[in-house]
Structures are given as C-alpha cells and as structure tokens.
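Residues 5 to 37 (our numbering) make up the sequence shown, in order. No residue lacks a Cβ here, since even glycine has one placed at the ideal position from N, Cα and C.
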Amino acid sequence: MIKGSIVALVSPMFEDGTIDYDSYRNLIEMQNQ
Numbered sequence: 005m006i007k008g009s010i011v012a013l014v015s016p017m018f019e020d021g022t023i024d025y026d027s028y029r030n031l032i033e034m035q036n037q
C-alpha cells in the first residue's frame with residue numbers, strides 16, 4: 005500500500021515543446037525529499 009501523498013508534476017518544456025529532462029529530474033528529486 006502506498007503511504008503519504010502523491011503529487012502531480014507538470015512536465016517542464018522548452019519553447020519548441022520538447023521536455024526539459026534536467027529540470028524534470030530536479031523536480032522529482034525535490035519531491036522525494
């Protein structure tokens with residue numbers, strides 16, 4: 005069973021619409037703390 009909260013993250017994107025994976029990774033790491 006999952007305990008705690010589950011957060012929906014908005015995928016950070018560059019102006020051309022591609023995903024900014026470095027920023028996305030940082031968001032995930034912040035949520036894991």
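Element boundaries [alpha helix (DSSP H), containing residue i]
i, result
"Ser27", "Tyr25 to Asn36"
For residue i, the three-state DSSP class (helix, strand or coil)
i, result
"Met5", "coil"
Assumed close pair residue i, residue j - CB separation to whole angstroms, cut-off 8 angstroms
i, j, result
"Leu13", "Gln37", "Actually they are not in contact, since the Cβ atoms of Leu13 and Gln37 sit about 14 angstroms apart, beyond 8 angstroms."
Alpha-carbon spacing of residue i relative to residue j, whole angstroms
i, j, result
"Ile10", "Leu31", "13 angstroms"
"Lys7", "Glu19", "36 angstroms"
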